[in-house]
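Structure first, then comments.
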Amino acid sequence: MKGIILAGGSGTRLYPLTKSISKQMLPVYDKPMIYYPLSVLMLAGIKEILIISTPRDVAGFLSLLGNGQKLGIKLEYAIQEEPKGLAEAFTIGESFIGDSPVALVLGDNIFYGSDFGSRLIESSELEQGCIIFGCHVADPRAYGVVEVGDDNRVLSIEEKPKEPKSSFAVPGLYFFDNQVIEIAKSIEPSERGELEITSIIDVYLQRGELTVNLMGRGLAWLDTGTHEALLQAANFVEAIQKRQGLYVSCIEEIAYRRGYISRAQLVELAEPLIKTDYGKYLLDIAAEKSFQLNN
Numbered sequence: 001m002k003g004i005i006l007a008g009g010s011g012t013r014l015y016p017l018t019k020s021i022s023k024q025m026l027p028v029y030d031k032p033m034i035y036y037p038l039s040v041l042m043l044a045g046i047k048e049i050l051i052i053s054t055p056r057d058v059a060g061f062l063s064l065l066g067n068g069q070k071l072g073i074k075l076e077y078a079i080q081e082e083p084k085g086l087a088e089a090f091t092i093g094e095s096f097i098g099d100s101p102v103a104l105v106l107g108d109n110i111f112y113g114s115d116f117g118s119r120l121i122e123s124s125e126l127e128q129g130c131i132i133f134g135c136h137v138a139d140p141r142a143y144g145v146v147e148v149g150d151d152n153r154v155l156s157i158e159e160k161p162k163e164p165k166s167s168f169a170v171p172g173l174y175f176f177d178n179q180v181i182e183i184a185k186s187i188e189p190s191e192r193g194e195l196e197i198t199s200i201i202d203v204y205l206q207r208g209e210l211t212v213n214l215m216g217r218g219l220a221w222l223d224t225g226t227h228e229a230l231l232q233a234a235n236f237v238e239a240i241q242k243r244q245g246l247y248v249s250c251i252e253e254i255a256y257r258r259g260y261i262s263r264a265q266l267v268e269l270a271e272p273l274i275k276t277d278y279g280k281y282l283l284d285i286a287a288e289k290s291f292q293l294n295n
């Protein structure tokens, strides 16, 4: 399976912070925002990843992450000229996807929870259909909303409904088979003028090929699209890291624990960061004898 991070958009809700920089380059506590969605795909075992961004911002991501070789993965880049909807990611990334299934994660979403890595690995084994996640939220009207029956069968999915049929929002993480490319080409823009991801998901629903993975209380999903949400996400990450002593979405650690890089390569990545707690953490990881990575 291949992966796509959609890191485009104008980020107007975060002005003036994003007038000259991508919101996915903003810090969420101690690391750039894009580390968080990148860590999700890496935890899923996905090593070929396409980052889609704006003409202005692609160079910044390339400077930050390069081609991924130092992390034992392969990163490619593509441009979204203007935000036309999430579904456009699959037509932009058509040649990258090829004949593979694909996972899409939005560049401003953060996930954290016990055993989340196992859920991701299971989802990445998808061969046919579509897997989405459902997260219980207080006010789902700002999101795609999935209605689920007693047997966890998906009954409906709506984009930002005024009267939601459930409290389960669909976070920005999706797994699709290869049919998603042709489906994306066939859908029409919504009333908002965008190619909605829910339009693609609805096709899978009508075909009986849609599965929902409901997140329990122990799994956190944070959307960082506003100033308040950005601050809340930073505070959350700080609290987890200070309390547990384990870092959230540390891509170098994930690369090492997944076996993408060696201990010596991890130490090499830590050396330029040695004056920071982040660099010292990487050296501590390299010195450990064993550890089970779950999230």
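Read left to right, the sequence shown gives residues 1 to 295 (full-length UniProt numbering). No residue lacks a Cβ here, since even glycine has one placed at the ideal position from N, Cα and C.
Straight-line spacing of the CA atoms in methionine 42 and glutamate 191 works out to 35 Å. In the DSSP assignment, valine 105 falls within the beta strand (DSSP E) that extends over 102 to 106. Assigned with DSSP and collapsed to three states, valine 148 falls in strand. Closest in alpha carbon position to proline 101, among Ile131, Asp108, Ile73, is Ile131. Counting other Cβ atoms within 10 Å of its Cβ, alanine 239 stays below 16 and is therefore classed as exposed. In this structure, DSSP gives threonine 18 a state outside helix and strand, which the three-state scheme calls coil. Only residues of its own chain outside the window of five on either side were considered, and among them Glu253 have a CB closer than 6 Å to the CB of isoleucine 285, listed in chain order. In this structure, the CA atom of tyrosine 256 is about 18 Å from the CA atom of glycine 66. For lysine 162, there is no enclosing alpha helix (DSSP H), as DSSP gives it neither H nor E.
Considering only Lys47, Leu50, Ala89, Pro83, the residue with the shortest C-alpha distance to isoleucine 183 is Ala89. In this structure aspartate 223 is buried. Its beta-carbon is surrounded by 16 or more other beta-carbon atoms within 10 angstroms. The C-alpha of phenylalanine 111 lies about 8 Å from the C-alpha of valine 40. For tyrosine 247, the CB contacts under 6 Å within the same chain, skipping 5 residues up- and downstream, are Gln241, Tyr281 in chain order.
Counting only runs of at least 3 residues, the region 187 to 246 fully encloses the following beta strand (DSSP E) elements, listed from N- to C-terminal order: 210 to 214, 219 to 223. Three or more beta-carbon pairs separated by less than 8 Å link the region 1 to 18 to the region 80 to 87, which places the two stretches in contact. Look at alanine 87 here: in three-state DSSP terms it is coil, with no helix or strand label. Taken in chain order, the whole alpha helix (DSSP H) runs of length 4 or more contained in the region 1 to 49 are 35 to 43. CA-to-CA, the gap between glycine 259 and glutamine 232 works out to about 32 Å. By the Cβ-count criterion, alanine 44 is buried, with 16 or more other Cβ atoms from all chains shown falling within 10 Å of its own Cβ.
Counting the other CB atoms within 10 Å of its CB gives asparagine 109 a total of 16 or more, which places it among the buried residues.
Per DSSP, the beta-bridge partners of glycine 113 are Leu219. Annotated as distal: serine 63 and serine 22, with beta-carbon spacing of 9 Å or more. Looking from the CA of serine 167, the closest CA among Ser20, Glu196, Met215, Gly245 belongs to Met215. In the structure shown, the three-state DSSP call for tyrosine 77 is strand.
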